[in-house]
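Per this note's numbering, the sequence shown runs over residues 1346 to 1461. All residues carry an ideal CB built from backbone N, CA and C; glycine is no exception. Computed from a predicted model, the values in this text were never measured in an experiment.
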Amino acid sequence: MLARVQPKEVDAFVTSAMERHGIPGLSMAVVHDGAVVYEKAYGVGDVEHAVPVTLQSPFKIASLTKPITAIAVLQLVERGLVALDRPISTYLDGLPAEWRATTVAQLLSHTSGQPD
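Structure representation (C-alpha cells):
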C-alpha cells in the first residue's frame, strides 16, 4: 500500500538527484491505482533561454519506447496471444519475404538482422 506522498520529501529527493546527475529539468508524477497523487515540474527545459519546465512540457523519450514496447509484447505472451519463438509473419501481413522468418524474440532482442 502506498503511504501518503510527502511533497517536501519528494522535492528534496528529486532536486538532489537532479543536482547529482546534472539534470537541468524534468516533470514527474506519482500514480497510484491509476490516479495521479502528486505531480510537479522542476528546473528548466531550455537551458539557453532559462525556460522553466511545466507539467505540459514535451520531452523526447527516444529509446525509452523500446522497453515499453517489450513490456506490451510480453504481456501478450503471458496471455497466450503471442509466442516469442513464432515468426513475425504469424502476426503481421504483407511483410517482405526476407523478413517473414524473423521471430518475435529476435525483434525484441535486436538480433533480427533487419535494417532500420
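Outcome for residue i when other beta-carbon atoms lying within 10 angstroms are tallied against a minimum of 16
i       : result
Val1392 : exposed
Val1375 : exposed
Val1396 : exposed
Val1381 : exposed
Start-to-end residues for the alpha helix (DSSP H) that takes in residue i
i       : result
Ala1357 : Pro1352 to His1366
Lys1411 : Thr1410 to Glu1423
Boundaries (first-last residue) of the beta strand (DSSP E) holding residue i
i       : result
Glu1443 : Unbroken run through Glu1443: none, as it is neither H nor E.
Tyr1436 : Per DSSP, Tyr1436 belongs to no beta strand (DSSP E) and is neither H nor E.
Gly1370 : Gly1370 to His1377
Lys1385 : Ala1380 to Asp1391
Selected residue, minimal CA-CA separation from residue i, among the options
i       : options                               : result
Leu1452 : Leu1429, Gly1439, Pro1441 and Asp1438 : Leu1429
Thr1360 : Asp1378, Val1389, His1377 and Arg1349 : Val1389
His1377 : Val1350, Val1355 and Tyr1387          : Val1350
Val1418 : Tyr1436, Val1398 and Phe1358          : Tyr1436
Thr1414 : Ala1362, Ala1357 and Val1449          : Val1449
Tyr1387 : Leu1426, Ile1406, Ala1362 and Gln1459 : Ala1362
Pro1352 : Tyr1383, Arg1365, Glu1364 and Gly1367 : Tyr1383
Thr1455 : Lys1411, Gly1379, Val1355 and Ala1357 : The residue asked about is misnamed: residue 1455 is His in this sequence, not Thr. It is Lys1411.
Same chain, Cβ closer than 8 Å to residue i, five either side skipped, listed in chain order
i       : result
Arg1445 : Pro1432, Ile1433 and Ser1434
Val1398 : Gly1370, Leu1371, Ser1372, Ala1386, Tyr1387, Gly1388, Val1389 and Gly1390
Gln1459 : Trp1444, Thr1447 and Leu1452
Residues of its chain near residue i, where Cβ-Cβ distance is below 7 Å and the 5 sequence neighbours each way are ignored
i       : result
Leu1421 : Val1427
Three-pair Cβ contact test at 8 Å for the region 1397-1405 versus the region 1356-1376:
yes
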